[in-house]
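Just below is one structure, and these are the notes that go with it.
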Amino acid sequence: MPTRLYLIRHGEHTLPSGTLAGRLPGIYLSERGKQQAEAVARRLAKIPLAFVYTSPLERTRQTAEIVAAPHRLSATILEQVIEIDFGDWQGRTFDELADDPDWQRWNALRSLARCPGGEAMIEAQARAVQELEMVARRCDGLEIAVVSHGDIIKAAVAWWLGIPLDLFQRIDIALGSITLVELGADAPLLRTIGERPAISP
Numbered sequence: 000m001p002t003r004l005y006l007i008r009h010g011e012h013t014l015p016s017g018t019l020a021g022r023l024p025g026i027y028l029s030e031r032g033k034q035q036a037e038a039v040a041r042r043l044a045k046i047p048l049a050f051v052y053t054s055p056l057e058r059t060r061q062t063a064e065i066v067a068a069p070h071r072l073s074a075t076i077l078e079q080v081i082e083i084d085f086g087d088w089q090g091r092t093f094d095e096l097a098d099d100p101d102w103q104r105w106n107a108l109r110s111l112a113r114c115p116g117g118e119a120m121i122e123a124q125a126r127a128v129q130e131l132e133m134v135a136r137r138c139d140g141l142e143i144a145v146v147s148h149g150d151i152i153k154a155a156v157a158w159w160l161g162i163p164l165d166l167f168q169r170i171d172i173a174l175g176s177i178t179l180v181e182l183g184a185d186a187p188l189l190r191t192i193g194e195r196p197a198i199s200p
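In this text, residue positions in the sequence shown follow numbering that gives the first Met the number 0: the first is 0, and each later residue adds one.
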């Protein structure tokens, strides 16, 4: 039996929209973000999750704790699914970065570009995929939740589908969404990509 990985993007955070949070500490879920996490928890409540893993950042840990609660599990930190190291761009707004040639290159040629003072996308993809596939082997045949970040999940999905990183923006991984991949002896199988559970009114 393959391992089923439920890759969850954290809920909305408290920084103003259009701000690159990156790895800034002290960024927590907004009220809507908590509602998004609760919607994911309801969607997965009947799935027999064996483990819940999470990026070490606060917004992912909060999301993971909400998802883990119905299963009486504790969330375990998975360092290599942390957000991209955006270096000098961290904490800046997209409007501030719009005229930056390095930012334009980052968005046009993601496979070759690097964040100033930070990480290359291909490095982030490699560390995340390696860690997720290691978890899948260690948890052979089980159902696992992993809470991470939008670009990290997109990069992993792109790898498993054979999509070049320069085209990975065609993949939509919304806040509070679930992507289900099965990893086993055969080729990876993507069951859902960016499913958004409904938030209760």
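Ideal Cβ positions, reconstructed from N, Cα and C, are used throughout, including at glycine.
- A direct Cα-Cα distance of roughly 5 Å separates Gln124 from Ala154.
- For Arg126, the three-state secondary structure derived from DSSP is helix.
- Using a C-beta cut-off of 8 Å, the region 27 to 43 makes contact with the region 10 to 19, since at least three inter-stretch Cβ pairs fall below that distance.
- Annotated as proximal: Val128 and Trp158, with beta-carbon spacing under 8 Å.
- Counting C-beta pairs closer than 8 Å gives fewer than three between the region 108 to 127 and the region 172 to 192, which falls short of the contact rule.
- Here the region 42 to 50 makes no contact with the region 85 to 97; the two share fewer than three CB pairs at distances below 8 Å.
- Looking from the CA of Thr75, the closest CA among Gln89, Arg60 and Ile83 belongs to Arg60.
- Spanning the alpha carbons of Leu188 and Gln34 requires a straight line of approximately 29 Å.
- As far as DSSP is concerned, Tyr27 takes part in no beta bridge.
- In terms of Cβ geometry, Val146 and Thr53 form a close pair [threshold 8 Å].
- Counting C-beta atoms within 10 angstroms of its own C-beta, Arg3 has 16 or more neighbours from the protein chains shown and is therefore classed as buried.
- A residue is called buried when at least 16 other Cβ atoms come within 10 angstroms of its Cβ; Met120 meets this threshold and is buried.
- The alpha-carbon separation between Arg104 and Leu141 amounts to approximately 40 Å.
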